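This report refers to the structure that appears directly beneath it.
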Amino acid sequence: MARRQTVVTAFSMTLIALSLTGCGGGGSDDSAPPPVQQVTVNAPQNVQAVAQDGEISISWGGDSTAEAYDIYLASDLELDYENYSTYDNAIRLMDATSPTVYTPSDISPLYRVVVVAKRASQESAHEQLITVAPRYTDQGETVLDHQTNLVWKKCAIGQVYDEAQNTCVNDPALLSHRETQTYINDYEQEFRLPTQAELITLVHCDSGKPAFFLTDTEMQCEDTTQDASLYTTLFSGTIFTQISGYRSSTIYDRSQGVDVYTRVEFGRLGGRSNIQGSEPAPTPVRLVKK
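My numbering applies: residue 14 is where the sequence shown begins, and numbers increase by one.
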């Protein structure tokens with residue numbers, strides 16, 4: 014009798030356990046959805062801004078973490094895109110695709126460009142500083158300035174243009190005025206010496222003071238950290254930065270049968286155009302045409 018009661022009790026306990034298991038009592042709910050993993054939006058990669066014919070073409074690489082992209086531009090020393098409206102010539106291009114072409118109303122200054130990836134409430138911007146000068150169009154051996162309609166030789170006399178690297182190699186030659194004219198007649202008849210007023214427009218101030226590009230012969234770069242006051246993104250290679258400057262065709266004085274020509278400095282504090290030199294004076298030369 015005792016043995017039968019023990020078997021019945023054990024059987025009853027088994028039924029209760031199975032019943033509890035079937036009802037989920039005390040066990041985990043396998044049907045609950047897993048927690049949602051938030052996707053982190055990646056910053057745009059390989060951001061580029063290229064000027065062409067007064068327009069700015071902006072391109073970048075992205076991935077599936079971004080739902081859309083915004084582009085911010087401003088002609089200022091900095092560009093905090095979250096406060097972009099406080100900067101000069103600021104604009105926001107929303108939901109842009111790569112490449113995007115933007116035509117600024119003012120092509121004279123230097124522009125900063127920031128591309129921001131978006132996903133829901135997340136935003137992520139690239140870290141590298143992107144600048145572009147829409148006034149210039151790179152034409153290989155020459156650079157067209159749409160602001161002045163001048164076409165500059167990319168390399169100074171004595172330098173050689175390296176097409177593969179898009180740069181100038183060798184050091185600039187130092188020529189007198191007569192030697193410069195002989196060189197032009199022999200090799201560059203379409204080009205000429207720039208005037209003092211033309212040459213000053215080539216001076217670039219990285220501080221933006223008094224402007225990113227000078228416009229007057231009385232102007233000079235201020236508070237700069239640059240080694241050469243030239244837009245080296247295009248005018249690369251060895252830049253003559255000594256105070257004697259680059260030669261212009263403007264005559265400062267012609268007394269006593271001696272011509273004295275003005276020059277423009279392209280060193281750290283470029284733009285000092287009150288430099289004069291009596292001939293023959295060995296000076297580096299940049300040529301121009303219009």
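Glycine is no exception: its CB is placed at the ideal position from the N, C-alpha and C atoms. Owing to the predicted nature of the structure, the values given are computational and were not obtained by experimental measurement.
Just verifying my parser: in three-state terms, what is the DSSP assignment at residue i?
i	result
Leu92	coil
Asp240	coil
Glu154	coil
Ile197	helix
Gln172	coil
Thr161	coil
Ser70	strand
Tyr149	strand
Thr110	coil
Rounding to the nearest angstrom, what Cα-Cα distance links residue i and residue j in this structure?
i	j	result
Ala186	Pro112	41 Å
Val164	Arg267	29 Å
Thr150	Thr78	35 Å
Glu136	Thr254	42 Å
Phe248	Gln51	46 Å
Asn59	Gly75	9 Å
Gly221	Leu90	7 Å
Asp158	Tyr94	29 Å
Going by the beta-carbon positions, is the gap between residue i and residue j smaller than 8 Å?
i	j	result
Tyr259	Thr296	yes
Leu123	Ser88	yes
Arg125	Thr144	yes
Gln209	Thr263	yes
What residue does the alpha helix (DSSP H) around residue i start on, and which one ends it?
i	result
Glu211	209-213
Would you kindly report the start and end of the unbroken beta strand (DSSP E) that includes residue i?
i	result
Asp83	81-87
Tyr115	113-115
Asn59	58-65
Tyr124	124-132
Thr180	180-182
Ser137	135-138
*Fully enclosed by the segment 215-295, which alpha helix (DSSP H) runs are 4 residues long or longer?*
none
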